[in-house]
Amino acid sequence: MGLVIYLDGQYVDEKEAKVSVFDHGLLYGDGIFEGIRAYHGRVFKLDDHLDRFYEGAEVLLMEPPISKGEMHEVVLETLRRNNLRDGYIRLVMTRGVGDLGLDPKKCPVPTVFCIASGIELYPEELYEKGMEVATVATTRNSPAALNPRIKSLNYLNNILAKIEGSLMGVPEALLLTDDGYVTEATGDNIFIIKDGALITPPAHLG
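In this note's numbering, the protein residues as written are 11 to 216.
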């Protein structure tokens, strides 16, 4: 048996976890997600992740089919059913099944699924020795175009930046704003320690 996936109210084997080709998350990237980590049996900042998840749903005028408390239990139960203490959790809500048009009103019920699995983003030695990174031509989405508080399924600019980094021979790339300010890596936040202070780019940069 493979992974156990939560999908629309049921826990199913990964081979049975299927989403319609008419789902607007697939057709248009119309949906939200959270990437959450579990360490030593504890989920890191789960409440904060769920707050952002439900805030994003509200901005997109999507009505989650279950409450925040129930979603909290879905995340924990998905971990338990996969016997994971350390791992990565992907929580997703799409607009749901509609037609080939864009109109969100044609999607009456959102699709919700939760995946919990092990993950290795980089070889272990890079965590000890560090890694090379490069700034790339692809920029971060402008906050004026897409609210950065919405963790959108449309990750294409991050993927393009990842491709650019790979072509440059580095495992990770940094995305800048149009003004040249550092925002993030393709799938990671950036932090530095300077003069004893922990510094990260402000959220308003995107």
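C-beta: ideal position from N, C-alpha, C; glycine also.
A straight-line Cα-Cα distance of about 5 Å links Pro153 and Gly216. Val107 carries a strand assignment under DSSP once its states are collapsed to helix, strand and coil.
Distance from the CA atom of Ala126 to the CA atom of Ala195, rounded to whole angstroms, is 23 Å. Bridge pairing for Glu83: absent [DSSP]. Here Val180 is not near Glu135, since their CB atoms are 8 Å or more apart. In the structure shown, Thr187 falls within a coil segment according to DSSP collapsed to helix, strand and coil. Annotation for Phe43: the continuous beta strand (DSSP E) segment containing it runs 41-49.
In the DSSP annotation of this structure, Ile173 is not part of any beta strand (DSSP E); the continuous alpha helix (DSSP H) holding it starts and ends at 166-177. DSSP places Gly97 within a strand segment (E or B) once states are collapsed to three.
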